[in-house]
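Line order of the protein sequences matches chains R and L.
Numbering follows full-length UniProt numbering, in which position 20 of the first sequence is assigned residue number 20; successive positions increment by one, without gaps.
Numbering follows full-length UniProt numbering, in which position 156 of the second sequence is assigned residue number 156; successive positions increment by one, without gaps.
Ideal Cβ placement from N, Cα and C applies to all residues, glycine included.
All remarks here apply to the structure that follows.
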Amino acid sequence: MAEVLERVTKIIVDRLGVEESEVTLEASFKDDLGADSLDVVELVMELEDEFDMEISDDDAEKIATVGDAVNYIQAKQ
Amino acid sequence: MKLEGKIALITGASRGIGREIALELARQGADVVVNYSGSEERANHVVAEIKEMGRNAIAVQCDVSNSDSVATMVKETIDTFGKLDILVNNAGITKDNLLMRMKEDEWDDVININLKGVFLCTKAVTRQMMKQRSGRIINISSIVGVSGNPGQANYVAAKSGVIGLTKTSAKELSSRGITVNAVAPGFITTDMTDKLNEEVKEQMLKQIPLSRFGEPADIANVVVFLASDDSRYMTGQTLHVDGGMVM
């Protein structure tokens with residue numbers, strides 16, 4: 001958990017230019033972290049590369065918060 | 001040379017306008033993926049011509065209306081060249097008929113290749129271009145997509161759809177350094193227009209202020225412009241290359 005969260009957090013900080021402290025499990029990409037729809041698509045692409053997995057469009061649409069992303073990745077690993 | 005070091009993928013590049021675009025982009029320094037559907041021999045010939053110029057090229061078979069086929073083609077492109085800078089959505093067919101006689105499959109086939117194909121190819125290359133933070137997508141529409149044309153309800157609907165798709169993709173992708181523009185050719189002499197009868201050709205010639213039919217090179221030159229840095233402040237536009245037919 002900690003390791004996945006750490007790697008996810010790093011990608012979010014790099015991509016969205018937010019502070020690490022803002023990246024909590026409850027944080028919504030769009031509402032709290034200032035991401036637009038295209039940013040979320042890109043984040044998902046980067047997560048796919050980072051964790052070497054494919055995230056289907058259907059699954060990607062359900063990822064709204066940092067916690068959603070972390071849980072999804074852990075379930076798939 | 002305006003496109004040195006660039007990688008270009010051109011759909012429907014084995015003949016006609018697509019072939020000329022592939023050759024001209026190569027002359028400008030690009031390495032080229034020559035997509036074809038059925039004409040393998042002609043595609044290989046285009047590849048050979050490009051290699052003679054000292055550029056690299058590969059021929060890739062793909063049905064642009066099939067998403068799996070498109071994904072495979074884009075993967076092969078990235079695997080071979082490591083990146084993709086320019087996509088030219090050129091593949092197209094005609095199945096002309098009067099609206100009242102047009103069969104459903106004639107409608108579907110033309111929409112699937114000429115419109116859905118542009119959507120699928122654009123979607124497939126977007127991931128790579130977004131990562132690169134740069135890319136040029138050039139859609140070959142048609143002047144009849146602007147003006148309408150009797151006997152071509154399917155073709156006109158598709159080509160008009162391409163113009164709308166161009167504008168929307170331009171808006172969605174602009175923030176990632178990707179521009180999307182369209183070219184609307186008028187009457188260009190190719191296998192596709194050779195099928196028209198003399199009477200129709202005569203009629204069309206009368207409507208062209210520059211009083212000649214276009215050549216594939218007339219389109220290829222404009223595609224080079226849109227693919228190059230010269231057009232960097234343009235996106236979502238449709239350029240009419242039609243001898244002045246539709247203003």
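For R:L38, three-class secondary structure by DSSP
Assigned with DSSP and collapsed to three states, R:L38 falls in helix.
Quick check: what's the CA-CA separation for R:E42 versus L:S211?
49 angstroms
If you draw a straight line from the C-alpha of L:N181 to the C-alpha of L:K103, how long is it?
31 angstroms
Using DSSP with H/G/I as helix, E/B as strand and the rest coil, what is R:S28?
strand
Which residue comes first and which comes last in the alpha helix (DSSP H) that contains L:A182?
For L:A182, no alpha helix (DSSP H) encloses it; the enclosing beta strand (DSSP E) starts and ends at 178–185.
Length-filtered (4 minimum) alpha helix (DSSP H) runs lying within the segment 62–140 of chain L:
67–81, 104–111, 117–132
Between the alpha carbons of L:R27 and R:Q77, how many angstroms are there, rounded?
Whole-angstrom Cα-Cα distance: 48 angstroms.
Taking only three categories from DSSP, how would you classify R:Q77?
coil
List the whole-angstrom C-beta distance separating L:I140 from L:N89, where the pair is believed to meet the contact cut-off of C-beta under 8 angstroms.
Contact between L:I140 and L:N89 holds, since their C-beta atoms are separated by about 6 angstroms, short of 8 angstroms.
Within a Cβ cutoff of 7 angstroms, which residues of the same chain sit near R:G67, ignoring the five residues on either side of it in sequence?
L25, E26
Starting from the C-beta of R:V13, find all residues in its chain whose C-beta is less than 8 angstroms away, skip the five residues before and the five after it, and write them out in chain order.
E19, E20, V23
For L:K83, which residues in the same chain have their Cβ closer than 8 angstroms to its Cβ, ignoring the five residues on either side in sequence?
I7, Q128, Q132, listed in sequence order.
Using a Cβ cut-off of 7 angstroms, which residues of the segment 31–62 of chain R contact any Cβ in chain L, in chain order?
L38, E42, M45
Consult DSSP for L:I143 and reduce its assignment to one of helix, strand or coil.
Coil.
Counting along the chain, where does the alpha helix (DSSP H) carrying R:D57 start and finish?
Segment 57–62, the alpha helix (DSSP H) holding R:D57.
Less than 7 angstroms separating the beta-carbons of R:E46 and R:I11?
yes
Applying a beta-carbon distance threshold of less than 8 angstroms, which residues of chain R neighbour L:R172?
The sequence given here has Glu at residue 172 of chain L, not Arg. By Cβ distance, chain R contributes L38.
Proximal residues to L:V222 (C-beta, below 8 angstroms), its chain only, five neighbours per side dropped:
V183, L239, V241
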